[in-house]
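Chemist:
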Amino acid sequence: MAGAKHDRAPVKKGLDGHALIDAFASGVAWLGENKSMVDSLNVFPVPDGDTGTNMYLTVSAALKEAQKSPDSNVGAVADAIAIGSLMGARGNSGVIFSQLMRGFAKRLHGLAVASPSDVGAALAEAASVAYKAVMKPVEGTILTVARMGARAAVSAARDGRDVQGVLDEAIRQGEITLNKTPDMLPTLKEAGVVDAGGKGLVVFMQGFALGLRGEAVSAGARAQAPVVAPMGPRQVQEEIKFRYCTEFIIRGERLSPDAVRNSILSAAEGDSMLVVGNEHTVKVHVHTNSPGRVLETCLTYGSLHEIDIDNMEDQHEEFESMGDSPKLTSASPAPTPSAVRDVGVIAVAAGDGVEKILVSLGADIVVTGGQTMNPSIQDIADAVKAVRAREVIVLPNNGNVVLTARKASEVPDLAKTKVHVVPTKTVPQGLAALLAMSPSASVGENVEKMSEAMSKVKTGEITYAVRDSAANGLTIREHDIIGLFDGDLKAVGKDISEVAGSLFSQMHSAEDEIATILYGAGVDGEDAEALASSLRNQYPDVEFEVQYGGQPLYYYLISVE
5 MAGAKHDRAP VKKGLDGHAL IDAFASGVAW LGENKSMVDS LNVFPVPDGD
55 TGTNMYLTVS AALKEAQKSP DSNVGAVADA IAIGSLMGAR GNSGVIFSQL
105 MRGFAKRLHG LAVASPSDVG AALAEAASVA YKAVMKPVEG TILTVARMGA
155 RAAVSAARDG RDVQGVLDEA IRQGEITLNK TPDMLPTLKE AGVVDAGGKG
205 LVVFMQGFAL GLRGEAVSAG ARAQAPVVAP MGPRQVQEEI KFRYCTEFII
255 RGERLSPDAV RNSILSAAEG DSMLVVGNEH TVKVHVHTNS PGRVLETCLT
305 YGSLHEIDID NMEDQHEEFE SMGDSPKLTS ASPAPTPSAV RDVGVIAVAA
355 GDGVEKILVS LGADIVVTGG QTMNPSIQDI ADAVKAVRAR EVIVLPNNGN
405 VVLTARKASE VPDLAKTKVH VVPTKTVPQG LAALLAMSPS ASVGENVEKM
455 SEAMSKVKTG EITYAVRDSA ANGLTIREHD IIGLFDGDLK AVGKDISEVA
505 GSLFSQMHSA EDEIATILYG AGVDGEDAEA LASSLRNQYP DVEFEVQYGG
555 QPLYYYLISV E
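In the numbering used here, the protein residues as written are 5 to 565.
(1) Who does residue 552 pair with in a DSSP beta bridge?
(2) Going by the beta-carbon positions, is the gap between residue 152 and residue 97 smaller than 9 Å?
(3) Thinking residue 518 and residue 91 are a contact (beta carbons under 8 Å), I'd like their distance in whole angstroms, please.
(4) Can you list, in chain order, the residues of its chain with a C-beta nearer than 8 Å to that of residue 264? Leave out the 5 residues immediately preceding and following it.
(5) Is the distance from the Cβ of residue 556 to the Cβ of residue 354 below 9 Å?
(6) With distances taken Cα to Cα, identify the nearest neighbour of residue 19 among 31, 34, 61 and 112.
(7) Can you say whether residue 397 is buried or exposed, counting buried as having 16 or more other CB atoms within 10 angstroms of its CB?
(8) Should residue 399 and residue 423 be called a contact, given that it needs their Cβ atoms to be closer than 9 Å?
(9) Compute the Euclidean distance between the alpha carbons of residue 198 and residue 183, then round it to the nearest angstrom.
(10) Cα separation between residue 464 and residue 476?
(11) Using the Cα positions of residue 567 and residue 200, report the straight-line distance between them to the nearest angstrom.
(12) Would you mind sorting residue 62 into buried or exposed? The rule is 16 or more other CB atoms within 10 Å of its CB.
(13) State the Cα-Cα distance for the pair residue 392 and residue 124, rounded to the nearest angstrom.
(14) Could you spell out the range, first to last residue, of the beta strand (DSSP E) harbouring residue 424?
(15) Suppose the cutoff is 7 Å on Cβ atoms and the five residues either side in sequence are ignored; what does the same chain contact list for residue 81 look like?
(16) Taking three-plus beta-carbon pairs below 8 Å as touching, is the stretch 403 to 412 in contact with the stretch 431 to 448?
(17) Can you find the residues in the same chain that come closer than 6 Å, C-beta to C-beta, to residue 267, ignoring five residues on each side of it along the sequence?
(18) Using 8 Å as the cut-off, can you tell me whether the stretch 29 to 37 makes contact with the stretch 97 to 111, which would need three or more C-beta pairs spanning the two stretches below that distance?
(19) Just to confirm before moving on: does the CB-CB distance between residue 498 and residue 484 stay below 9 Å?
(20) So for residue 570, helix, strand or coil by DSSP?
(21) For the alpha helix (DSSP H) containing residue 28, name the first residue and the last one.
(22) Taking the C-alpha atoms as reference points, what is the distance between residue 56 and residue 43?
(23) Quick check on the burial criterion: 16 or more other C-beta atoms within 10 angstroms. Buried or exposed for residue 307?
(24) What did DSSP end up calling residue 315 once you bin it into helix, strand or coil?
(25) Can you pull the DSSP bridge partners for residue 275?
(26) Given this structure, state the Cα-to-Cα distance separating residue 549 from residue 445, to the nearest angstrom.
(27) Output the boundary residues of the alpha helix (DSSP H) element that contains residue 204.
(28) Note down the Cα distance separating residue 273 from residue 561, rounded to an integer number of angstroms.
(29) My guess is that residue 175 and residue 209 are in contact by the Cβ rule of under 8 Å, so how many angstroms apart are they, rounded?
(30) Measure the Cβ-Cβ separation of residue 563 and residue 531 and say whether it is below 9 Å.
(31) Please report the distance separating the alpha-carbon of residue 384 from that of residue 414.
(32) Determine whether the beta carbon atoms of residue 558 and residue 467 lie at a separation below 9 Å.
(33) Under a Cβ-count criterion, where at least 16 other Cβ atoms within 10 Å of its own Cβ denotes burial, should residue 348 be classed as buried or exposed?
(34) Taking 8 Å as the line, does the beta carbon of residue 562 fall inside it for any heavy atom of the ligand ATP?
(35) Restricting to Cα atoms, I'd like to know which of 262, 150, 172 and 212 is closest to residue 202.
(36) From which residue to which residue does the alpha helix (DSSP H) around residue 246 run?
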C-alpha cells in the first residue's frame, strides 16, 4: 500500500479530535481509491454491485460533518462522525457502517484524548451496536470482520500497544477474518468472492491507519484485491425471528436510555434495538414478538407517545446499484405549508418510464435511486418531509434500500411523522403494492394489503455479467447475458431474448395470469414487443403487457402474477 509523507506527526499514545479527523479523511480517501474494487465483490456478477460506492458516500458524509466541528476533543469529533454517517448512510453497508460509528462515538463521548485502551473499547462497542442494529445478523459479513478486528484491538491494548499498534492488530485480524468469510457463507464461496462490506471496512481502516502514521494516500494507489476460487452451488435461506417492528417515544424525567434498553431486554426477546435520547425523551425501536410486554415495561419510565407497531412481512438486505445522485419526481407541485395531508406515498426507482408509472398509480414522490444509486437516509427523509403528510408509506423497491428506509424514520426532523415501510425489494413488487392500495382503507390496512400483494409477485431481471463467475451450477463469462428470478441466478446466454425466454419458463406456473415486461434504456420498443409476441405464442393463457421503463443496466424487468 503506497503512501506519501504527511505533515502531521504519527499518532502513538493518544488520539485527539484533530488526529481523528486526519485519520478519518485518510480512510475516506483510501476507500475512494478502491471503491470500484469493493463494488466488484458482488455475489452475482451484475453491473450494479455498489457496496464500495455506498460505503464511500457514507464515510464522505461523515467526514463533511466532522470537519464542521471546531472542537479538538476526540469525543466531540466522533459524535459528529456518527451523526454525519447516519444522515448520509446509503444501502445496507452504509447503514451498518453508520451503526459502527455510533458505537465508536458512544464509547469516546466526553473524552478529550482517547488512549489505546479507549480506542480498543470503542471498536468493541462499535461492533456491538452494529450487531444490534441488524434485524438478523449473519456471520461471514462486515459484522464478523468488525467483531473479530475489535477483539484483536482490545487484546493489543491490554498488551501495552500504542494507538497505531491497536489499529494495526484490528486490521490484521480483520483481513484474516475477511479471507474466511467464504467458508462462513456458501454463496460467497460459490461466487468466488469475499464479503464486500467486510472488504470495504478493511480498506477504510487501512487508510485510517495510514493517516495515523502521518502518511497521505497516494492517488491511483490500490489495495490488494482478494481472490477466492469459485465453488459449486448452494443457497442460504433466512427467516424473520421477531415479527413486530415496535417504535415509540417515552417522555419523562431523569430517563436513562441504557436503563430502558436493559429493561426491554429483560422483559422480551428481540433484535434491531435502538434506544437513544436524553433524560427527558427516549426513542425506542425494537423488533420483537411481544410488543405488549415492551410497552408495559416502558410505561414505568413515563408516558408513551407516537406508538407504531408494524407486523413485518419477509424482508432483508443485500446488494444492488450504481448511477447518478438521487433526485425527486413529484406527482404534483409541492404543497403549500398549510396543505398537510393524512397519507403520502414515496417510492424509490430508476428510469423515467418507471417513475411515470409509479406516479400514475399513486406515488406522491419518486426518489430516483435503487438500482442506479442507493438513496441515503437523508434523501428519503427529505422526501418524507416534502410530501407533507401525517403518515407516509415508503416503497424501497430494492432489497438494498429497505434498511435505509427504516432508518429514515429515526431522523429527528420526522418525529411527528409516522413512516411505514412496505419492504418491496423490486419495482414489480412496488407496482403491485400501489395497485393494492385503497383510498377508503386505513394506513394500517393499506400497509397490510400492499405487503400481501407484493408477496404474490414474481420478478425477473435481465442484465449482463461484469466478470467471470459461477452460481447455481451455471458458468458465467464476462459480458454474458444473465437472468435472475427473485434475485436468484437462473439463466445465462449470449442473446437477450433467448435468456429472457429461458428465465420466463422457470418463472411461469399454471396459475399465472398476467405478465408485464418493462424494457430498459437502450432497448428498442420493437424488440420488447417481439419478445412479448414470442412469449404469447408459448403461453397463450397469460396476458402480456409491454411498457417502457427506461431503467439503466437491466434490459428487462419482468413481473408475473
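Ideal Cβ positions, reconstructed from N, Cα and C, are used throughout, including at glycine.
What you are looking at is a predicted structure, and each value in this text was computed from that prediction instead of being measured.
Modeler: Answer, in terms of the structure:
(1) 523
(2) no
(3) The pair is not a contact, with the Cβ atoms about 41 Å apart (cut-off 8 Å).
(4) 254, 279, 286, 288, 302 and 305
(5) yes
(6) 112
(7) buried
(8) no
(9) Taken atom to atom, the span from the alpha-carbon of residue 198 to that of residue 183 is near 6 Å.
(10) 16 Å
(11) The shown model of the chain, from 5 to 565, leaves out residue 567, and the question about it has no answer.
(12) buried
(13) 44 Å
(14) Residue 424 -> beta strand (DSSP E) spans 422 to 425.
(15) Result list for residue 81: 21, 24, 25, 70, 73 and 75, in chain order.
(16) Fewer than three beta-carbon pairs drawn from the stretch 403 to 412 and the stretch 431 to 448 are found closer than 8 Å, and the two stretches are therefore not classed as touching.
(17) 301
(18) no
(19) yes
(20) Since the first and last residues shown for the chain are 5 and 565, residue 570 lies out of range.
(21) 21 to 43
(22) 5 Å
(23) exposed
(24) In the structure shown, the three-state DSSP call for residue 315 is strand.
(25) 291
(26) 28 Å
(27) 200 to 216 is the span of the alpha helix (DSSP H), which, as asked, contains residue 204.
(28) Rounded to whole angstroms, residue 273 and residue 561 show a C-alpha spacing of 39 Å.
(29) 5 Å
(30) no
(31) Our two residues, residue 384 and residue 414, have alpha carbons roughly 11 Å apart in a direct line.
(32) yes
(33) buried
(34) With respect to the ligand ATP, the structure shown offers nothing to examine, as it has no ligands at all.
(35) Distance from the Cα of residue 202 is smallest, within the candidate group 262, 150, 172 and 212, for 150.
(36) Run containing residue 246: none; DSSP gives neither H nor E here.
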